[in-house]
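In this note's numbering, the protein residues as written are 489 to 862. Remarks on the structure that follows.
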Amino acid sequence: MLLADSELLARLIAFDTTSANSNAEMADFIAGYLDRPGVHIERVFDESNEKLNLLVHCGPPSDERSGLVLSGHMDVVPAREAGWHSDPFTMTEHGDRFVGRGTADMKGFLALAMNATARLDPAGLRAPLVLLLTYDEEVGCLGAKRFVDEFRDPARLPVSAIIGEPTSLEVVRMHKGHLKLRVVTRGIAAHSGYPHLGENAIEKAAGAVQSLAAIRRELEGERSEFSDLFPEVPFVSLNVGTIRGGAAINVVPDCCEFEVGIRLLPGMQSAEIVQRVRRSVPEGEVEVISDSPPLLLDQGAQVHQAVSALVNQTGTRTVSFAADAGWLQNLGLECILFGPGSIEVAHRPNEFIPKDELHRGAVLIDQIIAQYCG
Numbered sequence: 489m490l491l492a493d494s495e496l497l498a499r500l501i502a503f504d505t506t507s508a509n510s511n512a513e514m515a516d517f518i519a520g521y522l523d524r525p526g527v528h529i530e531r532v533f534d535e536s537n538e539k540l541n542l543l544v545h546c547g548p549p550s551d552e553r554s555g556l557v558l559s560g561h562m563d564v565v566p567a568r569e570a571g572w573h574s575d576p577f578t579m580t581e582h583g584d585r586f587v588g589r590g591t592a593d594m595k596g597f598l599a600l601a602m603n604a605t606a607r608l609d610p611a612g613l614r615a616p617l618v619l620l621l622t623y624d625e626e627v628g629c630l631g632a633k634r635f636v637d638e639f640r641d642p643a644r645l646p647v648s649a650i651i652g653e654p655t656s657l658e659v660v661r662m663h664k665g666h667l668k669l670r671v672v673t674r675g676i677a678a679h680s681g682y683p684h685l686g687e688n689a690i691e692k693a694a695g696a697v698q699s700l701a702a703i704r705r706e707l708e709g710e711r712s713e714f715s716d717l718f719p720e721v722p723f724v725s726l727n728v729g730t731i732r733g734g735a736a737i738n739v740v741p742d743c744c745e746f747e748v749g750i751r752l753l754p755g756m757q758s759a760e761i762v763q764r765v766r767r768s769v770p771e772g773e774v775e776v777i778s779d780s781p782p783l784l785l786d787q788g789a790q791v792h793q794a795v796s797a798l799v800n801q802t803g804t805r806t807v808s809f810a811a812d813a814g815w816l817q818n819l820g821l822e823c824i825l826f827g828p829g830s831i832e833v834a835h836r837p838n839e840f841i842p843k844d845e846l847h848r849g850a851v852l853i854d855q856i857i858a859q860y861c862g
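Right, here's the structure in full:
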């Protein structure tokens, strides 16, 4: 039975797909909802963590990569922030908005993509509609990276792709990347009453953090050819986000680690910045946790032009967060970000999506599918 968009969204919100959990139950629900003749569903398992990507193909095979890909991630960030007015995993209505974890980022888009697919007659399509739904985007685009690494037949996929991140239904053709590093400093444990017998790893880490602060200041003064398109933060940003070390106040610590997030501009490669960090912190071991590349799509790309025309948008829009598009472009996909909801309310208590924006998004997605798939 076809559910209303809001009802379907409520069902999706009820699945707690924070990245610490498996997304298998939600993926099974999506597959069951879309399964019918003319729809082919592939479950791509990652047995190491009980996660899976879903690839849903509706309509004929892709002829010279025609048709459309709609892609989104099934995971959400945790909902442990103070300030929630209701259960984050029970969608509620509050005036002109739907409230719940994932309403904007990005189960609202998933609900619209699912219902748009469910309404179609596969036999009536002239080109395929493909849904690519991923896991663990929120912790480093891990599902998308795995899909890119293991998918052996990109020719099966249409070139034009919409990644449904919350952009308030604006068309985005560039996003920053997110390189995550772990730096570990090591010392020698000892009783703090006899510090000469030990070596303090936290003191080493303090020096390393100061070195990274110097790199951060350098990066803030550097510009690339695309800096002007990111007016709020026109540089590569570096953030020391966590630090952990020590066992007790009376023990000289033998280990300290901290994590660093670096957001690269389009066109940049992560290897150079990793080496820059390693040179600046010789006292630390530097490990790459995850690497989500930036997105760079030519302004003249057909999908950018077509969807921009549909929403009467001129010029280029960019965002400073990372998304699956950075990896998926490596399959030859021409990716834009386009979806209902605002990133400004994502990852915050009482996350919401405006009701009228969900409705407008449904209309626009139907129009885009009609244009690309017939």
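Every residue, glycine too, gets a C-beta built ideally from N, C-alpha and C.
Item to check | Segments assigned alpha helix (DSSP H), at least 4 residues, entirely inside the segment 713-797 | outcome: 758-768
Checklist entry - Helix, strand or coil: which one does DSSP assign to residue 655? => result strand
Next on the checklist: Ignoring anything shorter than 3 residues, give me the beta strand (DSSP E) runs that lie fully in the segment 571-618, in order along the chain.
Outcome noted: Counting only runs of 3 or more, we get 580-582, 585-587.
Checklist entry - For residue 757, does the count of other Cβ atoms within 10 angstroms reach 16, so buried, or fall short, so exposed? => result With fewer than 16 neighbouring CB atoms inside 10 Å of its own CB, residue 757 falls in the exposed class.
Checklist entry - Name the DSSP bridge partner or partners of residue 633? => result Paired residues: none, contrary to the question.
Next on the checklist: My output table needs one value for residue 809: the three-state DSSP class, helix, strand or coil.
Outcome noted: coil
Item to check | Which residues DSSP lists as bridging residue 566, in chain order | outcome: Answer by DSSP bridge pairing: none, since residue 566 is not bridged.
Item to check | Where residue 842 falls: helix, strand or coil (DSSP) | outcome: DSSP places residue 842 within a strand segment (E or B) once states are collapsed to three.
Item to check | Neighbour-count burial assignment, residue 860, 16 or more Cβ in a 10 Å radius | outcome: buried
Next on the checklist: Using beta carbons (cut-off 8 Å, strictly below), is residue 564 in contact with chain D?
Outcome noted: You won't find chain D in this structure, because it holds only one protein chain.
Checklist entry - Whose C-alpha, out of 858, 836, 830, is nearest the C-alpha of residue 658? => result 830
Next on the checklist: The alpha helix (DSSP H) that contains residue 708, what's its start and end?
Outcome noted: 689-708
Item to check | Buried versus exposed call for residue 550 [16 or more other C-beta atoms within 10 Å across all chains shown] | outcome: buried
Checklist entry - Who are the near neighbours of residue 613 in its chain, counting only those whose CB is closer than 6 Å to its CB and skipping five residues on each side? => result Same-chain partners within the cutoff: 547, 861, 862.
Checklist entry - In terms of alpha-carbon separation, which member of 605, 625, 569 lies closest to residue 588? => result 569
Checklist entry - So, helix, strand or coil for residue 489, using DSSP? => result coil
Item to check | Buried/exposed call for residue 662, threshold 16 Cβ in 10 Å | outcome: buried
Next on the checklist: Please classify residue 623 as buried or exposed, where buried requires at least 16 neighbouring CB atoms within 10 angstroms.
Outcome noted: buried
Item to check | Which listed residue (542, 776, 527) has its alpha carbon closest to that of residue 667 | outcome: Taking each of 542, 776, 527 in turn and checking the Cα distance to residue 667, the smallest one comes out for 776.
Checklist entry - Taking buried to mean at least 16 other C-beta atoms within 10 Å of its own C-beta, is residue 654 buried or exposed? => result buried
Item to check | Contacting residues, own chain, Cβ-Cβ under 8 Å from residue 743 (five flanking each side not counted) | outcome: 672, 673, 674, 675, 689, 733, listed in sequence order.
Next on the checklist: Quick check: what's the CA-CA separation for residue 582 versus residue 575?
Outcome noted: Answer to the nearest angstrom: the Cα atoms are 13 Å apart.
Item to check | Beta-bridge pairing of residue 678 - partner residues as DSSP gives them | outcome: 740
Checklist entry - What are the boundary residues of the beta strand (DSSP E) that includes residue 560? => result Element bounds for residue 560: 556-561.
Item to check | Contact belief for residue 812 with residue 651 at Cβ below 8 Å, rounded distance in angstroms | outcome: 6 Å
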